[in-house]
Every structure is written in structure tokens, then in C-alpha cells.
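Peer 1: Here it is: the structure, laid out below.
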Amino acid sequence: MRLLQILLLSLKSGISKNELIDNLYGWNEKADMANRNKNLNNLIYRLKGQLASCGLPESEYVEIIDGMCYFKCPTTLELDTQEFEETVCVARSTGG
Numbered sequence: 008m009r010l011l012q013i014l015l016l017s018l019k020s021g022i023s024k025n026e027l028i029d030n031l032y033g034w035n036e037k038a039d040m041a042n043r044n045k046n047l048n049n050l051i052y053r054l055k056g057q058l059a060s061c062g063l064p065e066s067e068y069v070e071i072i073d074g075m076c077y078f079k080c081p082t083t084l085e086l087d088t089q090e091f092e093e094t095v096c097v098a099r100s101t102g103g
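According to the working numbering, the sequence shown is numbered sequentially starting from 8.
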């Protein structure tokens, strides 16, 4: 659940793979990078299975490009956090 939350909160900009690992596991040491990557890959695999078992279409859901992780959903997402951020941006630009 925490992986999904982090990915959704980073929906537009993505999150670096290292930052994601640090946030999930609290591992700040750079030692044992192979296990860190393996643990994250297993968690991503489990997330995909859980989303599919909830009735969402089977998809990759997590895309990793140049060390950045992005949540990619084949269905339309409506997030209150994203709507709030957009409302704040509009308010700031109009002086409200």
C-alpha cells in the first residue's frame, strides 16, 4: 500500500528508484544495491498482482525510465491530492 501511495503522490514528476527504496525500506546505505533492487522489483510485481486482483485491468502499472519510477494506469485516475495541487496553483496565479 505504501508503494502505491508514494507512486500516486509522485504521479506527475515520478520518483527516483533510490529515493523510493529509501522511503520504503529506510536504507540509506549504498551497500548491497542488488538486494535493494531485487526487493523493489518484487514489491512492484506484488503491487501489479494486487491491483489486478481488485478488478483493475492487468497492466505493468510501474514504469522505470532512466532510474525514475512512474505510475502508469490504463484507466483514468482522479486523485484528490492532484486536484488540490492544481487548485492551489490556480489560486496563486490569480492572487486568490
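Each residue gets a CB set at the ideal place from its N, CA and C atoms; glycine is no exception. Just so you know, these numbers come straight off a predicted model, no measurement behind them.
When the Cβ atoms of the segment 78-87 are set against those of the segment 13-20, are three or more pairs found closer than 8 angstroms?
Peer 2: Segments in contact, yes.
Peer 1: Please work out which residues of its chain come closer than 6 angstroms, Cβ to Cβ, to K55, disregarding the five sequence neighbours upstream and downstream, and give them in chain order.
Peer 2: By one-based count along the sequence shown, residue 55 stands at place 48. Excluding sequence neighbours, K55 sits near Y68.
Peer 1: How far does the alpha helix (DSSP H) with C61 in it extend, from its first residue to its last?
Peer 2: Here residue 61 refers to the residue found at position 54 when the sequence shown is read from its first residue. From DSSP, C61 is part of no alpha helix (DSSP H); its letter is neither H nor E.
Peer 1: Looking at R43: is its Cβ nearer than 7 angstroms to the Cβ of I28?
Peer 2: Within the sequence shown, the letter at position 36 stands for residue 43. Within the sequence shown, the letter at position 21 stands for residue 28. Against a cut-off of 7 angstroms, the Cβ pair of I28 and R43 comes out as a contact.
Peer 1: CA-CA distance, L10 and N30?
Peer 2: Here residue 10 is taken as the residue at index 3 of the sequence shown, counted from 1. Here residue 30 is taken as the residue at index 23 of the sequence shown, counted from 1. When rounded, the distance between both Cα atoms is 9 angstroms.
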